[in-house]
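What follows is a single structure, written as structure tokens, with notes after it.
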Amino acid sequence: MSSATYRTLLRTPGAAAFFLTATAGRLGIAMTSLAVIWLVHDRTGSYAVAGLVAGCFAVTEALAGPQVARVVDRFGQPRVLPGVLLAHVTAVASLLALTSAGAPHGVLAAAGALAGGTIPQLGALSAARWSALLRDEREALPTAFALES
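Structure representation (structure tokens):
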């Protein structure tokens, strides 16, 4: 597959399924910070509080992402990802509930931090999958990574 095309990559057994799933997941993840800002501003009337919550989300995502990746590398995606997804869904649901209930700003910031710290790093996980899937066809990796971007 020296002149790999997107079509040939997606014909690789298992590739289309994980690519489409990861793409759908990344769309939601990309919108999460914006949704947090809109939600918190709508409920509190303050962009400052919304920025605080979104900032806590972003900082903990940056801090926890490499740690989660280390655990994934050690134990594998199938064993780690379901727990990470469950934690993230629970954290986001908690943030929604706390925001709707009018919780104090510090509690909202902590909930935002928890949601950010549990967000799955689907881009990195997908890149690792491509690397494993194309281990015998390394020359196709740049095309696979271009497809991901």
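Under this note's numbering, the sequence shown has 1231 at position 72, and the numbering climbs by one with no breaks.
Where a beta carbon is used, it is the ideal one built from N, C-alpha and C, also for glycine.
Since the model is a prediction, treat every value here as computed from it, not as a measurement.
- Query: With a cut-off of 8 Å, do at least 3 Cβ pairs link the region 1256-1267 to the region 1222-1230?
  - Reply: The region 1256-1267 and the region 1222-1230 do not touch, with fewer than 3 CB-CB distances between them shorter than 8 Å.
- Task: Give me the Cβ distance between E1307 and G1282, rounded to the nearest whole Å; I'm assuming they're in contact under 8 Å.
- Result: Stepping through the sequence shown from its first residue, residue 1307 is reached at position 148. Stepping through the sequence shown from its first residue, residue 1282 is reached at position 123. Rounded, the Cβ-Cβ distance is 7 Å, consistent with contact.
- Could you check how far apart the C-beta atoms of L1300 and G1173 are, in whole angstroms? I think they sit under 8 Å. Here residue 1300 corresponds to residue number 141 of the sequence shown, with the count starting at 1. Here residue 1173 corresponds to residue number 14 of the sequence shown, with the count starting at 1. Rounded, the Cβ-Cβ distance is 16 Å, inconsistent with contact.
- Mind checking G1265: buried by the 16 CB within 10 Å criterion, or exposed? In the sequence shown, counting from the first residue as 1, residue 1265 sits at position 106. Exposed, because fewer than 16 other Cβ atoms sit within 10 Å of the Cβ of G1265.
- Item | CB-CB length for G1276 against E1220, believed under 8 Å | Within the sequence shown, the letter at position 117 stands for residue 1276. Within the sequence shown, the letter at position 61 stands for residue 1220. With 8 Å as the limit, G1276 and E1220 qualify as a contact, their Cβ atoms being about 7 Å apart.
- Can you give the Cα-Cα distance for A1256 and L1273, rounded to whole angstroms? What you label residue 1256 is simply residue 97 of the sequence shown in a count that begins at 1. What you label residue 1273 is simply residue 114 of the sequence shown in a count that begins at 1. Their Cα atoms are separated by approximately 14 Å.
- For I1278, three-class secondary structure by DSSP: Your numbering for residue 1278 matches position 119 in the sequence shown. In the structure shown, I1278 sits in coil (DSSP, three-state: anything other than H, G, I, E or B).
- What three-state label does DSSP hand R1229 in the structure shown? Mapped onto the sequence shown, residue 1229 falls at position 70. The answer is helix: DSSP assigns R1229 an H, G or I state.
- Query: Are the Cβ atoms of V1212 and V1199 separated by less than 8 Å?
  - Reply: By one-based count along the sequence shown, residue 1212 stands at place 53. By one-based count along the sequence shown, residue 1199 stands at place 40. V1199 sits close to V1212, with the two beta carbons spaced by under 8 Å.
- Query: If we count the other Cβ atoms within 10 Å of its Cβ and call it buried at 16 or more, is V1248 buried or exposed?
  - Reply: For the purposes of this step, residue 1248 is taken as the residue at position 89 of the sequence shown. That one is exposed.
- Tell me which same chain residues have a C-beta within less than 6 Å of the C-beta of A1209, skipping the five on either side of it? On the sequence shown, residue 1209 is found 50 positions in, with the first residue counted as 1. If we look at A1209 and ignore the five residues flanking it on each side, its Cβ neighbours are I1196, V1199 and H1200.
- Message: Among the candidates V1218, L1169, F1177 and F1178, whose CA atom is the shortest distance from the CA of A1268?
- Response: Counting from 1 along the sequence shown, the entry for residue 1268 is found at position 109. Here the closest residue by C-alpha is V1218.
- Message: What would DSSP say about R1294, mapped onto helix, strand or coil?
- Response: Residue mapping note: residue 1294 aligns to position 135 of the sequence shown, counting from 1. For R1294, the secondary structure class from DSSP, reduced to helix, strand or coil, is coil.
- Query: F1234 to T1171, Cα distance in whole Å?
  - Reply: Indexing the sequence shown from 1 puts residue 1234 at position 75. Indexing the sequence shown from 1 puts residue 1171 at position 12. Rounded to whole angstroms, the gap between the alpha carbons of F1234 and T1171 is 25 Å.
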